[in-house]
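Heads up, the thing below is written out as structure tokens.
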Amino acid sequence: MNLTASGLLFFAFAVLTLGAGTAVALVREPVRAALVGALCFVGVGLLYLWLGAEFLGFIQWLVYVGAVAVLIVFVILLTRREDAGGETEGGRFAGLRVLGGLGVALALFGALAAAVLGSGSLYREVPEEPMVLEIAALGRELVAGAVPPLILVGVVLTVALVGGVTLALVERKPDA
Amino acid sequence: MITLQLVLLVSSALFCLGLAIVLLRRNAIIMLIGIEVMLAAANLNFIAFWRYGAEPGSLTGVVFALFSIAVAAAEAAVGLALILLVYRHFRTIDPGRLPVAHD
Amino acid sequence: MAVDLLIVVGKALAVVVVLMGLCAYTVLAERKVSSWIQNRVGPNRTTLPVIGAIPVLGPMLTRLGLFQPMADGLKFLFKEDILPGHVNKVYYMLAPVIALVPALLTVSVVPFGQYVDADGVTRPLILANLDIGILFIFAISSLGVYAIILAGWAANSKYPFLGGVRASAQMISYELAMGLSVLPVFLWINTPGAPATLSLVAVVDAQAGAWFVLLMPLSALIFLISIFAETNRAPFDMPESESELVGGFHTEYSSFKFGLFFVAEYAHMIVGSAILVLLFFGGWHPLPWLTLADLGLAGGVLGGVLSTLVFLAKTLLVVFFFIWVRWTVPRFRYDQVMRIGWRMLLPLAIANLIAYVLFLAWWVTR
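Protein chains in written order, with my numbering: chain Y, 268 to 443; chain Z, 274 to 376; chain C, 753 to 1118.
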């Protein structure tokens, strides 16, 4: 297996993404965990870019890193309290819970990896010529085949916007 | 060189990381990050199949990933609003500490 | 290969150097304009040994304050760099870098002129002519919030923290209105039959007739207001409002690190102005309904220089507007900022988008 620059880039992005993801699971302090989470999303965006889906890569950054992760950090800062700084570690079954969680995750990874490695039809190399996602084609695809889902997504986003604002709205007391 | 298998392995690992985050952390917000990581891993699969797919012209994978990102954004917005609401009521975002409704 | 790479690096360096120079002189402009508005004189003492001694020219340049940016820059470099004991060091150091990087990255897809080469092909002057330029700009500039959140959180003290929280809420709120206000422009240039693109060059080309500010004034207004909020400029400078929060998110920063924040703010402002000019004010077209090609001036080096100059002049005019507003309009209260964003701009932007969708649908099927 000979590594080219492009292959090295893929490994770098993958290591960044997975490393940041591992850090989210391990870092105790919520703000730091959320920040490495943002880094993980940046890495996923880089992987999209590497695969040639420029449009989706930047959408990923715009939505996940620029909006979702910022919101997450923001909510963490809002819900920060001096006394409730860390997470509740103890509990009677803390050790059991960690072991169980790790076990389930590892078992699932084992199953997925076995499935991926087991199917020979997946052993496909990257097409030689770089593939570029054309937004014109994407637009046509959306308008031609996906109009009902498109409208539905619009409705979902609008409902989420209104719902989110309504939920987060603070009832202001008259004297406050 | 990089094969489809390798990309799928990375996305599987990412998905399991997301699952591990949800299972290991006791902070509702961090658990939400875990869910988003799992969604991102699924999207990575879709885009990998678009890139390595039998039909290069077909954009179904990309379209699906696009919808998935949109829905994930909506989910995050509502989820975080709910977490804020829970925090205002109970002063904690640890799901384990929330009072449970008994029958 | 190596020569090509060298040329690309050289171009990128040139653009960054020009942007940095513009930042330095925008700071000077801010000081001069504010002093004129407040009936003061402004910086008029700093001078250089040799140039300042030239009989008439030297004193004139000195009075204009043209050497002041050098003194300001040196001051940032040589003042004591304080690292407070109570900060999260890594994140604290990272924040100013993250502030500057998005501003410099977005410049790479901003076209600043065009020329017609010997073969009669029109070529834009741009570092990277991305097909999805506007998306790139939105994606990268949305990362700028992290600088402020990181600075506010890592400083581990109350005023920066409040500044950081305010900034993140404000920037997320106005990003929505900003994105929605730009959509009509791209709907307009992507009507059926046109080559589908999100590139900024195409936007400028489409404005060879009427500028988009004439066709969609409401979009331009919403976009302008949103840039004010996104760049944290007065009257939206809640994150650093000095009368409430000392200095906001950069309270704990000194010397060079503060300088990076400072430069980043001005770089964001200049890039924001440039994008406003590209989207709504005709880019490098000198007047509405009048392009350089109409005047026969679009060819060769002359065309490139002229279009760049027109574009720069317009951008600097918008920058002047930014400065003018800052020293004229008082700062909003924080609840007012949120109300303007969510209850006025966002519904307006949505209504505006729907109106243009309906109009264009009628226009196309007419």
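In this text, a Cβ means the ideal position worked out from N, Cα and C, and glycines have one as well.
Of the residues the options, which one's Cα is nearest the Cα of residue i?
{"i": "C/L826", "options": "C/F938, C/W788, C/F1032, C/A776", "result": "C/A776"}
{"i": "C/Y1018", "options": "C/I759, C/T778, C/A766, C/V768", "result": "C/T778"}
{"i": "Y/L366", "options": "Z/L371, Z/F337, Z/A293", "result": "Z/A293"}
{"i": "Z/S341", "options": "Z/T276, Z/M311, Z/T365, Z/I366", "result": "Z/M311"}
{"i": "Y/V327", "options": "C/A891, C/I1075, C/P811", "result": "According to the sequence displayed, residue 327 of chain Y carries Gln and not Val. With distances taken between Cα atoms, Y/Q327 lies closest to C/A891."}
{"i": "Y/G412", "options": "Z/A301, Z/L296, Z/S331", "result": "Z/S331"}
{"i": "C/P801", "options": "C/F819, C/L1061, C/V1015, C/G794", "result": "C/F819"}
{"i": "C/H838", "options": "C/A903, C/I1022, C/H1002, C/A907", "result": "C/A907"}
{"i": "Y/L375", "options": "Z/L296, Z/L279, Z/I275", "result": "Z/L296"}
{"i": "C/F1186", "options": "C/Y926, C/A899, C/S925, C/I924", "result": "With chain C covering 753 to 1118 only, the question about residue 1186 of chain C has no answer from this structure."}
{"i": "Z/L353", "options": "Z/V283, Z/L290, Z/E309", "result": "Z/E309"}
{"i": "C/P1038", "options": "C/G1051, C/F1014, C/L1064", "result": "C/L1064"}
{"i": "C/S1006", "options": "C/E782, C/F830, C/L1030", "result": "C/F830"}
{"i": "Z/F337", "options": "Y/L434, Y/T433, Y/E408, Y/L436", "result": "Y/E408"}
{"i": "C/F1008", "options": "C/L1054, C/V769, C/I901, C/A847", "result": "C/A847"}
{"i": "C/M1126", "options": "C/N1104, C/R1118, C/D824, C/E982", "result": "The requested residue 1126 of chain C is not part of the displayed model; chain C covers only 753 to 1118."}
{"i": "Y/L400", "options": "Z/V359, Z/P368, Z/R370, Z/T333", "result": "Z/T333"}
{"i": "Y/L428", "options": "Y/G385, Y/V340, Y/V335", "result": "Y/V335"}
{"i": "Y/S273", "options": "Y/F325, Y/L316, Y/L329", "result": "Y/L316"}
{"i": "Y/F277", "options": "Y/L384, Y/V311, Y/V422", "result": "Y/V311"}
{"i": "C/A851", "options": "C/M1090, C/G896, C/M1021", "result": "C/G896"}
In or out: residue i buried (at least 16 other Cβ within 10 Å) or exposed?
{"i": "C/V934", "result": "buried"}
{"i": "Z/R324", "result": "buried"}
{"i": "Z/N300", "result": "buried"}
{"i": "C/W963", "result": "buried"}
{"i": "C/L809", "result": "exposed"}
{"i": "C/Q1088", "result": "exposed"}
{"i": "Z/H362", "result": "exposed"}
{"i": "Y/T346", "result": "buried"}
{"i": "Z/M304", "result": "buried"}
{"i": "C/Y942", "result": "In the sequence on display, residue 942 of chain C carries Asn and not Tyr. The residue is buried, with at least 16 neighbouring Cβ atoms inside 10 Å."}
{"i": "C/R1095", "result": "exposed"}
{"i": "Y/G352", "result": "Residue placement at Y/G352 is flagged as unreliable, the pLDDT there being 47, under the threshold of 50; a coordinate-derived value is accordingly withheld."}
{"i": "C/E1004", "result": "buried"}
{"i": "C/I884", "result": "buried"}
{"i": "C/S951", "result": "buried"}
{"i": "C/T949", "result": "buried"}
{"i": "C/P821", "result": "buried"}
{"i": "C/V1116", "result": "exposed"}
{"i": "Y/T271", "result": "exposed"}
Quick check on DSSP: helix, strand or coil for residue i?
{"i": "C/R1078", "result": "helix"}
{"i": "C/G865", "result": "strand"}
{"i": "C/T1060", "result": "helix"}
{"i": "C/T874", "result": "strand"}
{"i": "C/G837", "result": "coil"}
{"i": "Z/T276", "result": "strand"}
{"i": "Y/A435", "result": "helix"}
{"i": "C/D824", "result": "helix"}
{"i": "C/N1104", "result": "helix"}
{"i": "C/I789", "result": "helix"}
{"i": "C/K784", "result": "helix"}
{"i": "C/G794", "result": "coil"}
{"i": "Y/G353", "result": "Caution is warranted here: a pLDDT of 49 is assigned to Y/G353, below 50, making its placement in the model unreliable, and no coordinate value can be reported."}
{"i": "Y/S386", "result": "coil"}
{"i": "Z/D367", "result": "coil"}
{"i": "C/V760", "result": "helix"}
{"i": "C/R1083", "result": "coil"}
{"i": "C/Q959", "result": "coil"}
{"i": "C/R1118", "result": "coil"}
{"i": "Y/F376", "result": "helix"}
{"i": "Y/T271", "result": "coil"}
Report back the beta-carbon spacing between residue i and residue j to the nearest angstrom; my notes put them in contact at under 8 Å.
{"i": "Y/V414", "j": "Y/I343", "result": "About 38 Å; that fails the 8 Å criterion."}
{"i": "Y/L424", "j": "Z/A347", "result": "5 Å"}
{"i": "Y/L285", "j": "Z/L287", "result": "6 Å"}
{"i": "Y/A372", "j": "Z/C289", "result": "5 Å"}
{"i": "Y/V309", "j": "Y/A300", "result": "Going by Cβ atoms, the distance from Y/V309 to Y/A300 rounds to 15 Å, so no, they are not a contact pair."}
{"i": "Y/V303", "j": "Y/A287", "result": "5 Å"}
{"i": "C/T1060", "j": "C/G762", "result": "Incorrect: roughly 17 Å between the Cβ atoms, too far for contact."}
{"i": "C/V956", "j": "C/P863", "result": "7 Å"}
Any heavy atom of the ligand ATP closer than 7 Å to the beta-carbon of residue i?
{"i": "C/P912", "result": "Looking at this structure, you won't find the ligand ATP or any other ligand, since it has none at all."}
Let me know the beta strand (DSSP E) ranges lying completely inside the segment 902-942 of chain C, each 3 residues or longer, listed in chain order. none
Threshold first: 4 residues or longer. Then list the alpha helix (DSSP H) segments lying entirely within the segment 1007-1071 of chain C, N to C. 1007-1032, 1044-1047
Could I get the ranges of all uninterrupted alpha helix (DSSP H) runs contained in the segment 285-328 of chain Y, with 4 residues as the minimum, in chain order? 297-318, 321-327
Runs of alpha helix (DSSP H) lying entirely within the segment 298-358 of chain Z, each at least 4 residues, in chain order: 301-325
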